[in-house]
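When we follow the numbering used here, the leftmost residue of the sequence shown carries the number 29, and every step to the right adds one.
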Amino acid sequence: MDNSNRPFLKNRAMSELSPLAQPSSSTDMHRNQSYGSIISYVGILRNSLMKSSSSTQALNRCDSMGSLSHRTLLQYLDSDDLVGLKSFLGTRQLQVDDRDENGTTVLMIASGRGASSFVKELIARGADVHAQDLDNWSALQFAAKSGHADIVEILLDNGAEIEHRDMGGWTALMWGSYKGHADVVSLLLQRGADVQAHGNYHLNPLLWASGRGHTEIVKLLVNTGGAKTNVGDKYGTTPLVWACRKGYTEIVDTLLKAGANVDTAGMYSWTPLLVAVTGGHQECVSLLLERKPNVNALDKDGMTALSIACREGLTEIASALIAAGAYLNVQDRAGDTPLINAVKGGYRSVVEILLKRHVDVDIQGKDRKTALYTAVEKGHTTLVKLILQSNPDLELSTKDGDTPLLRAVRNRNLEMVQMLLERKAKVGAADKRGDTCLHVAMRARSKAIVEALLSNPKYSQLLYRSNKAGETPYGIDAMHQKTILGQVFGARRLNANEDSEGMLGYGLYSSALADVLSEPTLTTPITVGLYAKWGSGKSFLLAKLREEMKSFAQQWSEPPIRAPSLFFLVCLHLALLLGTVVGLTTWCYIWGLVTGVSLLVLIYFINYLFKFLDRRYDLEWLYSLNYGISRKLGRLRLILQVAFCHPPGPQSDSQPMPVRFHFAEASGAAPNGDAAVALMLASLFDAIEAHYGSLATGLYRAFRPKPLKTTGGWKWRRMCCVPVVILFELGVLGLIAAAS
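Rendered as C-alpha cells:
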C-alpha cells in the first residue's frame with residue numbers, strides 16, 4: 029500500500045486495499061494531500077455542496093475567496109508570527125472561526141500544520157474545536173492525519189469529540205492508523221477511542237494498519253485496544269488477508285497469535301494462504317502452514333494455492349504445500365492442473381517435484397490440452413523429456429484434434445518429433461480437418477521431418493491418405509517442382525532392426541512391396557501374382573501382404589466429388605420428373621411448373637444451408653452426409669462416363685487417382701495353371717463389381733469404351749457428329765412430351 033495522504037477507493041470491489049493517491053483541488057490550499065478512504069461519488073457530492081453552500085454564505089462575507097479577517101489570521105500563521113496574531117486578536121473585534129470557501133477555519137489549518145502555540149492561542153480566544161468544514165473535517169481530524177499527537181491532546185483536553193466522523197465516516201483513530209502515526213493512535217486509545225469504528229466499505233483501523241504495514245499500530249490496536257482480528261471489510265476480507273497479501277510477516281505473526289482465522293475467505297474468495305502464495309511471500313506461507321489451514325481452498329478462478337505456486341514457479345512454496353497435503357490433480361475453472369500451469373511457465377524444478385509425486389500427466393486442461401501437449405506447444409524440450417519418462421498417453425487430442433506429434437510437426441521441431449516417434453506416437457493421427465503429420469510437414473516443406481516420419485517404411489502408406497478436402501501428402505508434394513519425396517526416397521536407408529520388421533523381415537518386405545504398388549504414377553491396371561511353394565511354410569506371407577496392401581488402399585480415401593454441374597443436372601431431372609407427374613395428375617401445367625421450380629429451389633436452399641453449417645460448426649454427421657452424397661454422385665458420374673464418354677488415354681497427365689487393390693480368393697484356385705488363372709480373374713471381376721457397382725461394370729462390358737488418344741481426358745462419344753448424351757436427353761424430352 030502506498031503512503032498517500034488521502035485514499036480514494038473506487039467502486040470496483042476494492043481489488044487492492046491500498047488507496048490511489050488523488051491530489052486535492054487548488055481550492056483546498058491548507059491540506060497537504062487530498063481526503064482519504066471515500067468512494068468516488070464524494071468528489072461530485074463535495075462540488076455540489078460547495079456550489080450550494082457558497083451561494084448561501086456569500087451574503088455573510090465581504091470577499092468570495094474568504095473573509096478579510098480569515099486571510100489576515102492565515103498570514104500570521106504562514107509567517108509564524110504569534111505575537112502579531114495575539115496583537116491582532118486583542119485589538120480587533122472579529123470572528124476567530126471565520127472560514128474560507130471550503131469552510132476551513134484557521135484552527136483547523138494550524139492543527140494540521142502542528143502549530144501548537146497558535147492552536148492554544150486560538151482556543152483561548154474562543155475558537156470552536158467542534159467546527160467542521162464542508163467535508164465534515166474537524167481540527168482533530170487534521171491533527172491526527174498529520175501525526176501531531178501534542179495537538180490531538182490539546183484538542184481532546186478542550187472537549188473535542190473523539191468519535192467525530194468526517195464525510196467518509198473516518199474518525200481520528202482511523203486517520204492515525206491509516207497514516208501510521210503510532211503516538212497518535214496510542215493517545216487516542218488511552219482516551220477511549222472506539223477501536224472498531226469503521227468507515228466506507230466497513231474498513232476499520234486494524235484493516236488499514238494491517239494492509240499498510242504499520243506493525244507497531246497493529247500491536248497497539250490488538251494488544252491495547254482489543255481490536256477483533258476476524259472482523260472484515262464489506263467483502264469479508266480480514267486484516268490477516270491484507271497483511272499476507274503484502275507479505276508483512278511480523279503483522280501476520282501478531283494477528284495469528286491474537287487468534288486470527290487462517291481460513292477466512294474474503295473478496296474474490298481470497299484466503300490468507302492464497303494471497304500469500306500469489307505474492308510469493310514464503311515466510312508468511314510458513315507461518316500459515318503451522319496453523320494447519322485448508323491448503324485446497326479455491327479462489328474465484330478455481331485455483332488452489334498449489335496451482336498458483338506452480339503457475340508462478342515458486343518451487344519451495346510448492347514443496348511446502350505438497351508436504352502439507354495439497355491435492356496434485358485439482359483442475360481450475362479453465363480445466364488446467366498444477367502440472368499444466370507449471371509446464372506453461374517452463375518451470376522445470378516444479379515439474380520435477382510434481383512428477384516425483386506421481387501426478388496424473390494425462391489430465392486434459394483448457395481446450396483439452398494435456399501437460400505433454402502444452403510442453404510441445406511452448407517448445408520446452410527438457411519438459412517434454414521429463415514428461416515422456418512418466419509414460420503419458422501420446423494420442424490424447426485437443427478440441428481441434430491435434431496430438432503432441434501433430435503440434436511438434438506444426439512447430440517444425442525436429443528434436444521433439446524424433447522423441448515422440450521413439451515413444452511410438454502414431455504418425456497416422458489426424459486432426460479435425462483430416463490432416464496427418466505428413467500433410468502438415470509437406471505443406472511446411474520440412475524435408476527433415478518428412479524423412480523422420482517416413483523412416484519406417486510402413487508409414488509410407490500415409491502418403492496416400494486424403495484429408496476432408498481430398499488432399500493427400502503425395503499430391504501436396506507433387507504440386508512443387510522440387511519434391512521432398514524425390515529427395516527422401518533417394519537417400520533413405522531402411523533399418524532392418526526396426527520393430528516394424530517382424531516375422532523375420534517379411535513385414536518389412538510386405539510394406540515395401542505395397543508401397544511400390546501404391547505409387548500413383550504407375551499405369552493401371554497392374555496384376556501381381558504371388559505363389560508359395562507347397563510345404564515351404566511361406567504361405568502366411570501371402571495373407572500378410574494382402575492385409576498390408578489393404579491397409580495402404582484404405583489410406584487412399586476417395587476425395588469428395590466436386591461436380592456442381594452434375595448436381596444441377598440431377599436436380600433438374602428430378603424437378604422435371606416431379607413437375608411432369610404433378611402436371612399430369614392435376615391436368616394443369618402451371619401446377620407442374622410451380623412444383624418443379626419449387627423443388628429445385630428447395631434442394632439448392634438445403635444444399636447451401638448444409639454448406640454454411642459445415643463451414644461454421646464442423647458437424648461430423650453433416651460431413652458424413654456430404655461424403656455419402658459425394659460417393660453417390662461419383663458412382664453416377666462413373667456410369668455416365670462409361671455410357672457416354674471415351675476414357676482418358678494411358679498417358680494422361682491428370683492428377684493421381686486413388687489406388688485400389690482387389691484380391692482373388694486363393695482358396696478357390698485350382699492346382700493347374702489355366703484353371704487357377706481363370707478362377708482368379710473371375711474372383712477379381714466379382715470384387716471390382718462389388719466396389720464400383722454392377723451397373724457401371726455391366727455398361728463397361730457392354731460398350732467396351734476405348735480412348736481416342738494416348739493423351740487427354742474424357743471425350744464425348746458421338747453419333748453422326750452429335751454427342752450421344754444430347755440424343756439421350758432429346759429422347760427423354762420426347763417421352764415427357766408424349767406423356768403430356
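Glycine is no exception: its CB is placed at the ideal position from the N, C-alpha and C atoms.
- Annotation for MET470: the continuous alpha helix (DSSP H) segment containing it runs 465-472.
- According to DSSP, residue pairing for LYS743 in a beta bridge involves HIS674.
- For ILE245, the enclosing alpha helix (DSSP H) covers residues 243-247.
- DSSP links VAL750 through a beta bridge to MET747.
- Counting only runs that start and end inside the stretch 126-210, the alpha helix (DSSP H) elements of at least 4 residues fall at 134-141, 144-152, 167-174, 177-185, 200-207.
- For the pair of segments examined, the stretch 704-724 was found not to touch the stretch 627-646: the number of CB pairs separated by less than 8 Å stays below three.
- From the listed residues LEU201, GLY197, VAL437, the smallest Cα separation to LEU184 is found for LEU201.
- In the displayed model, CYS616 falls within coil according to three-state DSSP, outside both helix and strand.
- In the DSSP assignment, TYR296 falls outside any alpha helix (DSSP H), carrying neither H nor E.
- Of SER425, VAL478, LEU367, GLY374, the smallest CA-CA separation from LEU382 is found for LEU367.
- For ALA370, the enclosing alpha helix (DSSP H) starts and ends at 366-373.
- The continuous stretches of alpha helix (DSSP H) do not include ARG361, and DSSP gives it neither H nor E.
- Taking the Cβ atoms as the reference, VAL389 lies roughly 16 Å from ILE350, outside the contact range of under 8 Å.
- Distance between ALA506 and HIS719, taken at the CA atoms: about 28 Å.
- Residue nearest to VAL437 within the set ASN495, GLU479, VAL760 is GLU479 (criterion: CA-CA distance).
- Straight through space, the alpha carbons of SER418 and VAL387 are spaced by roughly 9 Å.
- Of the candidates TYR229, LEU761, HIS309, TYR728, the residue whose Cα lies closest to the Cα of MET295 is TYR229.
- By alpha-carbon distance to ILE477, the top candidate from THR623, PRO485, GLY503, LEU466 is LEU466.
- Ranking ARG461, LYS743, HIS601, GLN169 by CA distance to the CA of ALA671 puts LYS743 first.
- For GLN103, the enclosing alpha helix (DSSP H) begins and ends at 96-106.
- With respect to LEU234, ALA255 sits close: the two C-beta atoms are nearer than 7 Å.
- Counting C-beta atoms within 10 angstroms of its own C-beta, CYS272 has 16 or more neighbours from the protein chains shown and is therefore classed as buried.
- In this structure, the CA atom of GLY241 is about 10 Å from the CA atom of TYR206.
- In the three-state DSSP reduction, GLN417 falls in the coil class, being neither helix nor strand.
- Excluding residues up to 5 positions away in sequence, ALA362, GLY363, ASP364 lie with their Cβ nearer than 7 Å to the Cβ of LYS394 in the same chain.
- Each of ILE245, LEU301, ARG461 was checked against the Cα of LEU268, and the nearest Cα belongs to LEU301.
- Closest option to LEU736, judged by alpha-carbon separation, among VAL180, GLY677, LYS262, SER626: GLY677.
- Secondary structure at THR332: coil, using DSSP grouped into helix, strand and coil.
- When secondary structure is reduced to three states using DSSP, GLU423 falls in the coil class, being assigned neither helix nor strand.
- Membership of MET447 in the alpha helix (DSSP H) is indicated by the continuous run 442-450.
- Residue environment: CYS616 is assigned as exposed (fewer than 16 neighbouring CB atoms within 10 Å of its CB, all protein chains considered).
- Secondary structure of SER494 (DSSP, three-state): coil.
- If you ignore the 5 residues before and after THR100, its C-beta comes within less than 7 Å of the C-beta of PHE116, all in its own chain and listed in chain order.
- Following the DSSP letters along the chain, one finds GLN224 in no alpha helix (DSSP H), marked with neither H nor E.
- Per DSSP, GLY112 is one residue of the alpha helix (DSSP H) stretching across 110-119.
- Per DSSP, reduced to three states, the secondary structure at SER314 is helical.
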